[in-house]
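J.: Quick one: this structure, given as structure tokens, is what I'll be asking you about.
Number of protein chains: 2
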Amino acid sequence: MSAATRHDTAETPIDQQIRRDIAEAIYEQRMAPGTRLSETGLGDIYGVSRTVVRKALFHLAADKLVDIRPNRGAVVWQPSPAEAHEVFAARRLLESTLLADTLAGLDSTGHARLVERLQTCLNDDRAAHAAHDRQAMIRASGDFHRRLAEPAGNSVLLEFLDELIGRSSLIIALFETREAGPCAEADHERLLAIIERGDIGEAQAELAAHLEDCEERLNLSAAETASPSLSDLLGRTRRA
Amino acid sequence: MSAATRHDTAETPIDQQIRRDIAEAIYEQRMAPGTRLSETGLGDIYGVSRTVVRKALFHLAADKLVDIRPNRGAVVWQPSPAEAHEVFAARRLLESTLLADTLAGLDSTGHARLVERLQTCLNDDRAAHAAHDRQAMIRASGDFHRRLAEPAGNSVLLEFLDELIGRSSLIIALFETREAGPCAEADHERLLAIIERGDIGEAQAELAAHLEDCEERLNLSAAETASPSLSDLLGRTRRA
DNA sequence: GCCGTGATCATTGGATACAATTCGACCTTC
DNA sequence: GAAGGTCGAATTGTATCCAATGATCACGGC
Chain A
4 MSAATRHDTA
14 ETPIDQQIRR
24 DIAEAIYEQR
34 MAPGTRLSET
44 GLGDIYGVSR
54 TVVRKALFHL
64 AADKLVDIRP
74 NRGAVVWQPS
84 PAEAHEVFAA
94 RRLLESTLLA
104 DTLAGLDSTG
114 HARLVERLQT
124 CLNDDRAAHA
134 AHDRQAMIRA
144 SGDFHRRLAE
154 PAGNSVLLEF
164 LDELIGRSSL
174 IIALFETREA
184 GPCAEADHER
194 LLAIIERGDI
204 GEAQAELAAH
214 LEDCEERLNL
224 SAAETASPSL
234 SDLLGRTRRA
Chain B
4 MSAATRHDTA
14 ETPIDQQIRR
24 DIAEAIYEQR
34 MAPGTRLSET
44 GLGDIYGVSR
54 TVVRKALFHL
64 AADKLVDIRP
74 NRGAVVWQPS
84 PAEAHEVFAA
94 RRLLESTLLA
104 DTLAGLDSTG
114 HARLVERLQT
124 CLNDDRAAHA
134 AHDRQAMIRA
144 SGDFHRRLAE
154 PAGNSVLLEF
164 LDELIGRSSL
174 IIALFETREA
184 GPCAEADHER
194 LLAIIERGDI
204 GEAQAELAAH
214 LEDCEERLNL
224 SAAETASPSL
234 SDLLGRTRRA
């Protein structure tokens with residue numbers, strides 16, 4: 004809707020625009036997992052043909068945000084509890100290692116700049132919490148984690164992490180139970196304090212614990228019986 | 004050419020066929036990095052339209068095996084030395100962790116089956132070396148690494164590793180200097196012996212050392228001056 | 001009344017046609 | 001002779017068209 008015109012990234016190709024819009028809609032939980040993404044529908048919305056829509060959907064499928072089933076169309080990815088667990092396990096591994104690389108490779112000025120940027124993320128996060136702005140919360144939280152890994156200098160791993168963070172948004176949107184945000188900001192504050200002190204090992208432990216806490220706050224077991232296509236299989240009572 | 008009819012993987016969709024063929028051709032160093040992949044040309048070869056070829060190319064681009072430049076076509080990916088280093092760094096991290104998970108989670112029968120499968124890979128590798136079959140060597144070596152990570156049970160990380168192994172083939176094809184194969188089979192034998200003993204820490208160390216050795220056997224510095232478009236950019240003066 | 005079967009409809013997969021861009025060659029000009 | 005520009009062929013990007021598959025719904029049988 005309005006998201007289509009929000010990003011004026013100069014002359015952004017239209018397919019990337021669509022891709023970004025859908026991705027953001029997924030992150031913000033506006034598009035629930037399982038939502039069908041009709042090619043003609045999207046094409047009408049953006050005033051383009053199905054060809055370019057298909058390209059965008061294909062890209063999103065490569066990012067594991069949508070699932071394209073042959074001859075059955077594209078839907079927003081519906082992660083299984085097992086997959087959710089694997090994603091968080093992968094994040095623990097990747098992020099703790101990248102954090103160590105980051106902290107080990109920084110000089111004092113780089114360290115100060117990192118702390119400053121993380122402070123900015125925390126401020127954004129706090130503001131979003133105060134305003135009950137879920138979208139901003141998710142973005143600030145993701146940025147915090149991304150910033151932790153950025154200075155490590157391994158763009159290959161950073162890309163993997165980006166994908167995992169995106170999938171985490173989807174997982175949180177699907178399995179979250181309470182009103183609390185995607186990440187407890189207190190955890191981030193505690194982690195930042197440790198980083199300021201420069202204790203690598205403790206920072207790693209804190210980050211891993213934080214991610215474990217995030218995962219445990221999800222209702223994976225309940226969703227295991229509720230979320231899959233059981234309702235579709237049984238016939239009629241399909242809820243949204 | 005003949006590759007179009009070689010893989011009769013039952014009723015494989017044609018686009019996956021193309022994707023597999025091109026990927027294998029890249030792995031086997033039949034398609035050198037930088038080779039242009041014309042849509043019409045591939046379409047003519049396989050007897051399909053450009054639509055399906057584009058899909059296959061797009062998929063390959065998502066796997067970082069080809070590079071699609073807007074309005075300029077697709078070429079086989081030409082990794083930079085920095086990227087090559089990052090890929091191997093990522094592999095060290097991923098594989099050593101996955102190996103630990105694998106060994107920690109196996110019972111005795113699972114352990115025996117793992118060893119058996121690794122033995123098979125080693126036999127294939129030896130046979131390929133004896134026959135000077137580069138293709139089989141690369142495949143056997145990749146399989147060995149994949150088998151090490153498989154029983155860990157994290158399909159998300161396993162997919163990442165698959166991508167990294169594929170990109171490694173490309174890197175090796177581009178930067179390899181000697182006649183030696185992609186992985187020293189002696190390293191694999193030594194690693195397998197350690198795994199049979201069940202020493203997790205030592206196995207991790209051996210695996211990391213093996214990957215470092217693989218990377219060091221590449222001629223990254225020489226290619227840095229030879230391959231990229233530095234000469235085109237600067238013309239003559241000071242190197243980077 | 002419930003289930004199996006068949007037809008209609010919507011949606012996707014693939015092929016073709018047209019427009020836009022790029023790259024190369026040839027020609028002109030200094 | 002070299003540099004620059006212009007034109008042309010080839011290739012990619014996009015839109016549209018046709019075919020094929022899956023879904024929905026109605027009808028008939030049990």
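The listed protein sequences derive, respectively, from chains A and B.
Take the first sequence: its position 174, counting from 1, is numbered 177 in the working numbering, and each next residue is one higher.
Take the second sequence: its position 76, counting from 1, is numbered 79 in the working numbering, and each next residue is one higher.
All C-beta atoms, glycine included, are put in the ideal place defined by N, C-alpha and C.
Taking Cβ-Cβ distances shorter than 9 Å, what residues in chain B pair up with residue 100 of chain A?
T.: Within 9 Å Cβ-Cβ: 96 and 100.
J.: Count the other CB atoms, across all protein chains shown, that sit within 10 Å of the CB of residue 157 of chain B; report buried if there are 16 or more and exposed otherwise.
T.: The residue in question, residue 157 of chain B, is buried, as its Cβ has 16 or more Cβ neighbours within 10 Å.
J.: Rounded to a whole number of angstroms, what is the C-alpha to C-alpha distance between residue 37 of chain A and residue 84 of chain A?
T.: Distance between the alpha carbons of residue 37 of chain A and residue 84 of chain A is about 15 Å.
J.: Output, in chain order, the set of chain A residues within a Cβ distance shorter than 8 Å of residue 160 of chain B.
T.: Result: 89, 92, 93 and 96.
J.: With a threshold of 7 Å, establish whether the CB of residue 95 of chain A neighbours any heavy atom of the ligand NAP.
T.: Within the structure as shown, the ligand NAP is missing, as the structure has no ligands at all.
J.: Using a Cβ-Cβ cut-off of 8 Å, state whether residue 157 of chain A counts as contacting chain B.
T.: True, the Cβ-Cβ gap to chain B drops below 8 Å.
J.: Do you know offhand how far residue 216 of chain A's Cα is from residue 207 of chain A's?
T.: Cα-Cα distance, rounded: 14 Å.
J.: Applying the 10 Å Cβ sphere with the 16-neighbour rule, what's the burial state of residue 82 of chain A?
T.: Buried, because 16 or more other Cβ atoms sit within 10 Å of the Cβ of residue 82 of chain A.
J.: What residues in its chain sit with their C-beta under 6 Å from that of residue 211 of chain B, if we drop five residues either side in the sequence?
T.: Within the same chain, residue 211 of chain B has close Cβ partners 95 and 99.
J.: Could you give the first and the last residue of the continuous beta strand (DSSP E) run that contains residue 76 of chain A?
T.: 76 to 79 is the span of the beta strand (DSSP E), which, as asked, contains residue 76 of chain A.
J.: Which residues of chain B have a Cβ atom closer than 7 Å to the Cβ of residue 152 of chain A, listed in chain order?
T.: Near residue 152 of chain A there are no residues of chain B at all, since even the closest Cβ is about 12 Å away, more than 7 Å.
J.: With 16 as the cutoff for other CB atoms within 10 Å, does residue 218 of chain A come out buried or exposed?
T.: Label assigned to residue 218 of chain A: buried.
J.: Give the straight-line distance between the Cα atoms of residue 121 of chain B and residue 195 of chain B, rounded to the nearest whole angstrom.
T.: The straight-line gap from Cα to Cα measures roughly 7 Å.
J.: Hey, how far is the Cα of residue 129 of chain A from the Cα of residue 93 of chain A?
T.: Whole-angstrom Cα-Cα distance: 27 Å.
J.: Give me the chain A residues within the contact set of residue 65 of chain B, using Cβ-Cβ distance strictly less than 7 Å, ordered along the chain.
T.: Residues of chain A passing the Cβ test: 65.
J.: Return the CA-CA distance between residue 164 of chain B and residue 73 of chain B, expressed in angstroms with no decimal places.
T.: Using only the alpha carbons, I get a separation of about 28 Å.
J.: State yes or no: is the beta carbon of residue 178 of chain A nearer than 8 Å to at least one beta carbon in chain B?
T.: For residue 178 of chain A, the answer is no, since every Cβ of chain B falls outside 8 Å of its Cβ.
J.: How far does the beta strand (DSSP E) with residue 70 of chain B in it extend, from its first residue to its last?
T.: Looking at the DSSP string, the run of the beta strand (DSSP E) that includes residue 70 of chain B is 69 to 72.
J.: Given residue 18 of chain A, which residues of its chain have a CB within under 6 Å of its CB, disregarding the five upstream and five downstream residues?
T.: For residue 18 of chain A, where only same-chain residues beyond five positions count, the Cβ hits under 6 Å are 55, 58 and 59.
J.: Closer than 8 Å, CB to CB, is residue 147 of chain B near chain A or not?
T.: By this cut-off, residue 147 of chain B is not an interface position.
J.: Sorted by chain position, which residues of the same chain lie with C-beta nearer than 8 Å to residue 238 of chain B's C-beta, five sequence neighbours on each side aside?
T.: Low confidence applies to residue 238 of chain B: its pLDDT is 38, below 50, so where it sits in the model is not reliable, and the reading given next is rough at best. No residues qualify anywhere along the chain.
J.: DSSP on residue 94 of chain A, reduced to helix/strand/coil?
T.: Reduced to three states, the DSSP call for residue 94 of chain A is helix.
J.: Curious, which full-length alpha helix (DSSP H) runs of at least 4 residues does the stretch 135 to 212 of chain B contain?
T.: Qualifying alpha helix (DSSP H) stretches, in chain order: 137 to 152, 158 to 178 and 188 to 200.
J.: According to DSSP, is residue 220 of chain A helix, strand or coil?
T.: DSSP places residue 220 of chain A in coil when its eight states are reduced to three.
J.: The alpha helix (DSSP H) with residue 24 of chain B in it runs from where to where?
T.: Where residue 24 of chain B is concerned, the enclosing alpha helix (DSSP H) stretches over 17 to 30.
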